[in-house]
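As structure tokens, the structure follows; a few thoughts come after it.
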Amino acid sequence: MLIEKLEAINNRFKEVSQLITDPEVIADMKRYIQLSKEYKELEEIVSAYEEYRNVLDNISSSKDILSTEKDEEFREMAKAELEELQERKGELEEHIKILLVPSDPQDSKNAIVEIRAGTGGDEAAIFAGDLFRMYSKYCEKKGWKTEIVDVNEGTSGGYKEIVFNVSGKKVYGTLKYESGVHRVQRVPQTETQGRVHTSAATVAVLPEADEFDVELKMSDIRKDTYCSSGPGGQSVNTTYSAVRLTHEPSGLVVTCQDQKSQIKNLEKAMKVLRTRLFDMEYKKYLDDIASQRKTMVSTGDRSAKIRTYNYPQGRVTDHRINLTLYNLTSIVDGEIEDIIDALQVAENAEKLKEGVA
Numbered sequence: 634m635l636i637e638k639l640e641a642i643n644n645r646f647k648e649v650s651q652l653i654t655d656p657e658v659i660a661d662m663k664r665y666i667q668l669s670k671e672y673k674e675l676e677e678i679v680s681a682y683e684e685y686r687n688v689l690d691n692i693s694s695s696k697d698i699l700s701t702e703k704d705e706e707f708r709e710m711a712k713a714e715l716e717e718l719q720e721r722k723g724e725l726e727e728h729i730k731i732l733l734v735p736s737d738p739q740d741s742k743n744a745i746v747e748i749r750a751g752t753g754g755d756e757a758a759i760f761a762g763d764l765f766r767m768y769s770k771y772c773e774k775k776g777w778k779t780e781i782v783d784v785n786e787g788t789s790g791g792y793k794e795i796v797f798n799v800s801g802k803k804v805y806g807t808l809k810y811e812s813g814v815h816r817v818q819r820v821p822q823t824e825t826q827g828r829v830h831t832s833a834a835t836v837a838v839l840p841e842a843d844e845f846d847v848e849l850k851m852s853d854i855r856k857d858t859y860c861s862s863g864p865g866g867q868s869v870n871t872t873y874s875a876v877r878l879t880h881e882p883s884g885l886v887v888t889c890q891d892q893k894s895q896i897k898n899l900e901k902a903m904k905v906l907r908t909r910l911f912d913m914e915y916k917k918y919l920d921d922i923a924s925q926r927k928t929m930v931s932t933g934d935r936s937a938k939i940r941t942y943n944y945p946q947g948r949v950t951d952h953r954i955n956l957t958l959y960n961l962t963s964i965v966d967g968e969i970e971d972i973i974d975a976l977q978v979a980e981n982a983e984k985l986k987e988g989v990a
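Each residue of the sequence shown is one higher than the last, beginning at 634 in the working numbering.
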């Protein structure tokens, strides 16, 4: 029964509230961080539970009035109030069902986003630049902080590859829907015949790993330094500030040349390396979920084509949920909230349908 499940959650919330003030727990940083995270996750459900319980109490009171009150005016008021309360009860039950759907344990994390130009040469690099601008504008509107980690510029503009991290509230849980192949159909700036070309760029959104997620041994990492370079390969500065890290057990290579300080570049590169190692394990978790579900809205194969941006028609189509919008200009200007909301609704519906909750 829903109320019993909510009462159990409320009891756990009270327990966690006490634990995070316990000096022994505070001294154990790993446990403290885990409990603080759990507290935040339970807080929203408990708030909805308190309103739901209040609505149930008021429904009971209104029914009592209707069964005992003789005054017709009072009865009419109680009847009107009861109708409103029943409606609110239904709304809250739907909201609570969605809150009770188990979320991805990484949803509350920050994210590292990697955009790479795919097929289409210079036009693909320009499109990768357009996607980076779209995400930058969206993050700005959300009040999230973005920070470039590594960049490899295209010869005619845009990026062959750009890596940046995003920090804020529930960043990964929101941006994870963007992982996959994005396709653009338009007349490239370099096209003289006016023909529409199709190009692509790949977006990978990874949950940022913290030090408690992955233990990195410096003895496993080879560090190389070199001069940062810009388009055309000319030297941007003459100091060896750029950093290349090679994780020898896995073969993973990470570079960072955004900062003029080698220490800052090393810090950023370590964050990306930790995240990519964590992602290798996390992919196993995603594959396990994918095997249980017929469709995956947010976490399918990252090589799958997820969205098409058609400039001649001013159209954007998300292929996972067959959503087509005709406001391409505002979407590439960072207005992607409607698409992400629709994907979240579709994913929650999918989970509820399968009885995950």
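Every residue gets a Cβ at the ideal spot worked out from N, C-alpha and C, and that includes glycine.
Here the structure is a predicted model, which is why all the values come from computation and not from measurement.
Just verifying my parser: in three-state terms, what is the DSSP assignment at residue i?
i	result
glycine 790	strand
proline 742	This sequence places lysine at residue 742; proline is not what is there. In this structure, lysine 742 counts as coil in the three-state DSSP scheme.
tyrosine 942	strand
isoleucine 954	coil
isoleucine 854	strand
glutamate 716	helix
serine 736	coil
alanine 979	helix
tyrosine 682	helix
serine 874	coil
isoleucine 969	coil
arginine 828	coil
glutamate 702	coil
alanine 750	strand
alanine 842	coil
leucine 885	strand
tyrosine 915	helix
valine 688	helix
alanine 937	coil
valine 905	helix
With a 10 Å radius around its C-beta and 16 neighbouring C-beta atoms as the bar for buried, classify residue i as buried or exposed.
i	result
serine 821	It is worth fixing the name first, because residue 821 is proline in this sequence and not serine. The residue is buried, with at least 16 neighbouring Cβ atoms inside 10 Å.
alanine 875	buried
asparagine 743	buried
phenylalanine 707	exposed
serine 832	buried
aspartate 912	buried
lysine 893	exposed
glycine 776	exposed
serine 693	exposed
threonine 654	exposed
aspartate 857	exposed
asparagine 960	exposed
methionine 662	exposed
aspartate 891	buried
aspartate 763	buried
glycine 723	exposed
lysine 647	exposed
threonine 835	buried
arginine 855	exposed
threonine 788	exposed
lysine 986	exposed
Expressed to the nearest angstrom, what Euclidean distance is found between the alpha-carbon atoms of residue i and residue j?
i	j	result
arginine 645	tyrosine 685	18 Å
leucine 715	serine 695	6 Å
asparagine 870	aspartate 853	Reliability of the predicted coordinates at asparagine 870 is poor, the pLDDT of 49 falling under 50, and the value obtained from them is presented with this limitation in mind. Straight-line Cα distance between these residues: approximately 29 Å.
isoleucine 698	alanine 711	7 Å
isoleucine 973	alanine 837	16 Å
valine 965	arginine 766	8 Å
asparagine 955	glutamine 719	34 Å
threonine 928	threonine 752	With a pLDDT of 45 at threonine 928, under the threshold of 50, the predicted position of this residue should be treated as unreliable, though the coordinate-derived value follows. Each residue's alpha carbon lies about 26 Å from the other.
glutamate 726	valine 814	36 Å
lysine 809	histidine 952	16 Å
tyrosine 771	valine 804	11 Å
lysine 691	leucine 675	Per the sequence shown, the amino acid found at residue 691 is asparagine instead of lysine. If you take the alpha carbons of asparagine 691 and leucine 675, they lie about 24 Å apart.
glycine 790	lysine 774	25 Å
serine 741	serine 669	12 Å
isoleucine 759	arginine 828	17 Å
leucine 689	alanine 641	17 Å
threonine 941	asparagine 643	44 Å
isoleucine 729	valine 978	14 Å
arginine 749	leucine 639	44 Å
isoleucine 659	alanine 842	21 Å
threonine 962	threonine 950	13 Å
isoleucine 939	glutamate 705	60 Å
glycine 866	glutamine 667	Caution applies to glycine 866, whose pLDDT of 43 falls short of 50 and renders its modelled position unreliable; the value that the coordinates give is listed next. Going by the C-alpha atoms only, they are around 45 Å apart.
Fully enclosed by the region 642-679, which alpha helix (DSSP H) runs are 4 residues long or longer? 656-660
Could I get the ranges of all uninterrupted alpha helix (DSSP H) runs contained in the region 762-818, with 4 residues as the minimum, in chain order? 804-808
Examine the Cβ distances between the region 794-801 and the region 768-785 and report whether three or more of them are shorter than 8 Å. yes
Give a yes or no on contact between the region 875-885 and the region 895-915, applying the rule of three or more CB pairs nearer than 8 Å. yes
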